[in-house]
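Heads up, the thing below is written out as structure tokens.
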Amino acid sequence: MIKPSIPKGTRDFGPVIVRKRNYIFNTIRQVFELYGFQPLETPAMENLSTLTGKYGEEGDKLMFKVLDNGDIFEAAGKAANNKELVAAISEKALRYDLTIPFARYVVMNQNDLALPFKRYQMQPVWRADKPQKGRYREFYQCDADVVGSNSLVNEVELLLIYDAVFTNLGLAGVELRVNNRKILSGLAEVIGKQELLTDITISIDKLDKIGAEGVRKELSDRGLSDTDINTIEKFLTIGGTNEEKLNQLADLLQSSATGLKGIEELKFVLNSGLTAFNNEPIIDVTLARGLNYYTGMIVEVKAPATVKMGSIGGGGRYDDLTGLFGLKGISGVGISFGVDRIYDVLEELNLFPETAQQSTKVLFLNLGEANAAAAFKHLQGLRAKGIAAEIYPDASKMDKQMKYANKRGIPFVAIIGESELSENNVSIKNLATGQQEKVAADAVAHYNF
RNA sequence: GUGGUUGUAGCUCAGUUGGUUAGAGCAUCAGAUUGUGGUUCUGAGGGUCGGGGGUUCGAGACCCCUCAUCCACCCCA
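Take any residue in the first sequence, count from 1 to its spot, add 112: that is its number in the numbering used here.
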């Protein structure tokens with residue numbers, strides 16, 4: 113006998129969990145649709161050539177490659193090294209994220225798409241990472257992106273989507289943190305070390321984790337002078353209200369045109385006057401985000417301070433994403449929801465509504481052929497009214513059927529035994545209260561389950 | 001890729017300095033109960049102690065290898 117198991121870093125989602133996950137997916141989807149985003153699905157596999165090189169060296173390593181069919185033995189023999197071997201025996205790989213397939217789609221369909229194109233996509237992606245807490249080899253991403261528009265109105269709309277989704281999920285106290293890559297570029301410019309921009313952002317991004325001292329040390333290791341580090345430290349300690357932060361930034365970055373542009377952009381996004389937020393976005397100058405293709409606004413959503421959880425969503429503007437596939441000059445901006453983490457937060461704060469956890473409302477007990485036949489009429493009547501109802505398929509002992517209802521979490525049991533059959537009524541028992549009442553047969557469809 | 005943790009029943013875990021037939025709770029099944037679940041009582045089934053090798057009169061325990069697991073780092077969602 114083989115001991116059943118699933119691959120490392122993958123998960124089964126049982127009925128209870130799928131329901132709760134769907135509640136999150138549905139809430140997000142509903143908001144995406146309300147804001148005019150259109151659904152897109154792309155294949156689980158992409159051509160290896162579409163994906164390689166798009167996520168850096170690390171990404172290529174973490175990509176799941178799909179073995180070619182047929183005789184790979186012969187092809188493998190001709191390979192001289194690992195890289196050639198992979199090329200010889202694999203031409204497809206599992207989707208690594210949703211953004212690159214989206215870019216590929218836009219380029220392939222550029223003649224048919226009405227730009228700006230607003231799409232959302234909720235599908236699993238795969239990474240051959242070493243699994244650990246909150247980190248899996250198969251996980252879902254929920255992205256919404258706009259391509260083909262430089263307007264900052266898109267940034268505002270995407271922030272509103274975050275605001276709406278978390279409001280609809282009943283998750284109060286989330287923090288929408290925003291920054292702008294141009295501000296970080298401006299900082300590097302002011303220091304005169306533009307070539308170290310990536311190193312600077314990577315270090316700054318770790319401030320929460322390793323503290324000011326840690327950042328200092330890392331910056332120094334990456335080749336920055338004490339004067340540079342002092343400037344960066346001054347930058348990192350910028351505080352106060354959004355307006356005060358913007359003023360301090362303007363002061364610090366006055367010699368950088370790029371930096372000032374970033375400040376202008378942030379100002380617009382925050383004070384567009386277009387609308388009001390439930391969760392007002394907060395400027396966080398230390399926000400950097402790892403991906404270095406971002407070029408404008410960047411955003412990250414932090415879970416309420418009461419739960420120990422990092423980011424539950426993030427995104428930003430990137431220029432020229434489709435340039436990789438030969439379509440230049442198309443700018444995009446997008447956001448992403450971390451569904452697994454949102455799930456954990458809702459679970460911890462007990463925020464899943466009852467309706468997200470219930471399936472069948474009524475179970476009709478099966479007490480023999482004639483009784484079951486009577487039950488069937490009620491079943492169809494209830495289903496027509498949108499009430500989930502089912503009958504226990506076997507005429508088992510009553511107590512077994514009751515136990516089944518209990519275990520399934522079905523709130524009501526309907527009993528049609530000999531006496532009910534002759535009296536033309538149904539006994540309906542509420543399993544939560546233990547109370548039971550007889551309801552006339554023709555009134556069952558109107559019963560308040 | 002680096003460092004560490006833990007592998008014993010379906011699940012969560014006990015198991016003393018190495019010593020007879022490896023235990024508990026939960027879960028499962030049956031009965032108490034031929035029309036009433038969630039509470040209670042009685043009983044039953046269920047384990048090659050992750051796998052392989054070694055030390056020993058004797059290994060679940062000690063040693064080596066290996067596999068799996070979870071956690072941290074790197075990186076990321």
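Glycine included, every Cβ here is placed at the ideal spot set by N, Cα and C. All of these numbers come straight from a predicted model, not from anything done at the bench.
In the DSSP secondary-structure assignment, Lys204 is bridged to Asn159 and Val178. Beta-bridge analysis with DSSP links Met409 to Asn292.
Shown here, Glu392 sits in coil according to DSSP, grouped into three states, outside any helix or strand. Excluding its 5 nearest sequence neighbours in each direction, Ala526 has C-beta neighbours in its own chain below 6 angstroms: Val474, Phe476, Val538 and Ile540, listed in chain order. Residue pairing by DSSP places Val556 opposite no residue, since no beta bridge is assigned to it. DSSP links Glu250 through a beta bridge to Trp238. Residue state for Ala226 is assigned as coil, using DSSP reduced to three classes.
Across the structure, Leu331 and Lys245 are spaced so that their CA atoms are roughly 28 angstroms apart. Cβ contact annotation for His490 (same chain, cutoff 6 angstroms, sequence separation greater than five): Val556, in chain order. Around the beta carbon of Ile322, fewer than 16 other beta carbons sit within 10 angstroms, so the residue counts as exposed. Between Ala553 and Asn536, the CB-CB gap stays under 8 angstroms.
Under the DSSP definition of a beta bridge, Gln244 partners with Arg247.
Note on the region 446-512: whole beta strand (DSSP E) runs with a minimum of 3 residues are 474-476 and 501-503, in chain order. Judged by DSSP secondary structure, Lys541 falls within the beta strand (DSSP E) whose first and last residues are Asn537 to Asn542. Cβ contact annotation for Lys379 (same chain, cutoff 8 angstroms, sequence separation greater than five): Leu358, in chain order.
Beta-carbon to beta-carbon, Ile447 and Gly425 are separated by about 6 angstroms, close enough to satisfy the 8 angstroms threshold.
Here Tyr455 has Lys132, Arg133 and Ile136 as same chain residues with Cβ atoms under 7 angstroms from its own Cβ, once five neighbours each way along the sequence are excluded. With the rule of 3 Cβ pairs closer than 8 angstroms, the region 362-373 does not count as touching the region 385-400.
Note on Ile344: 16 or more other CB atoms within 10 angstroms of its CB, so buried under the neighbour-count rule.
By DSSP's assignment, Tyr430 forms a beta bridge with Tyr406 and Gly444. For Val128, the enclosing alpha helix (DSSP H) covers residues Pro127 to Leu146. Sixteen is the threshold: when 16 or more other Cβ atoms of the shown chains lie within 10 Å of the Cβ of Glu269, as they do, the residue is buried.
In the three-state scheme derived from DSSP, where H, G and I count as helix and E and B as strand, Gln366 is classed as coil. Taking one beta carbon from each stretch, the region 219-232 and the region 140-157 have 3 or more pairs nearer than 8 angstroms; the two touch. With respect to Leu288, Leu458 sits apart: the two C-beta atoms are not nearer than 8 angstroms. In this structure Val411 is not in contact with Asn266, their Cβ atoms being roughly 12 angstroms apart against a cut-off of 8 angstroms. Beyond the five residues adjoining it in sequence on each side, Pro213 comes within less than 7 angstroms, by CB distance, of Thr154, Glu158 and Arg207 in the same chain, given in chain order. In terms of Cβ geometry, Phe176 and Ala215 do not form a close pair [threshold 8 angstroms]. By the Cβ-count criterion, Gln513 is buried, with 16 or more other Cβ atoms from all chains shown falling within 10 Å of its own Cβ. For Phe524, there is no enclosing alpha helix (DSSP H); the residue is part of the beta strand (DSSP E) that begins and ends at Phe524 to Ile527. DSSP, read as helix, strand or coil, puts Ser332 in helix. In its chain, beyond the 5 residues on either side, Asn390 have a beta carbon closer than 7 angstroms to the beta carbon of Thr279.
Thr162 sits buried, since 16 or more C-beta atoms from the chains shown fall within 10 Å of its C-beta. With respect to Leu494, Ala484 sits apart: the two C-beta atoms are not nearer than 8 angstroms. Here DSSP, grouped into helix, strand and coil, assigns Asp172 to helix. In the structure shown, Ile118 falls within a coil segment according to DSSP collapsed to helix, strand and coil.
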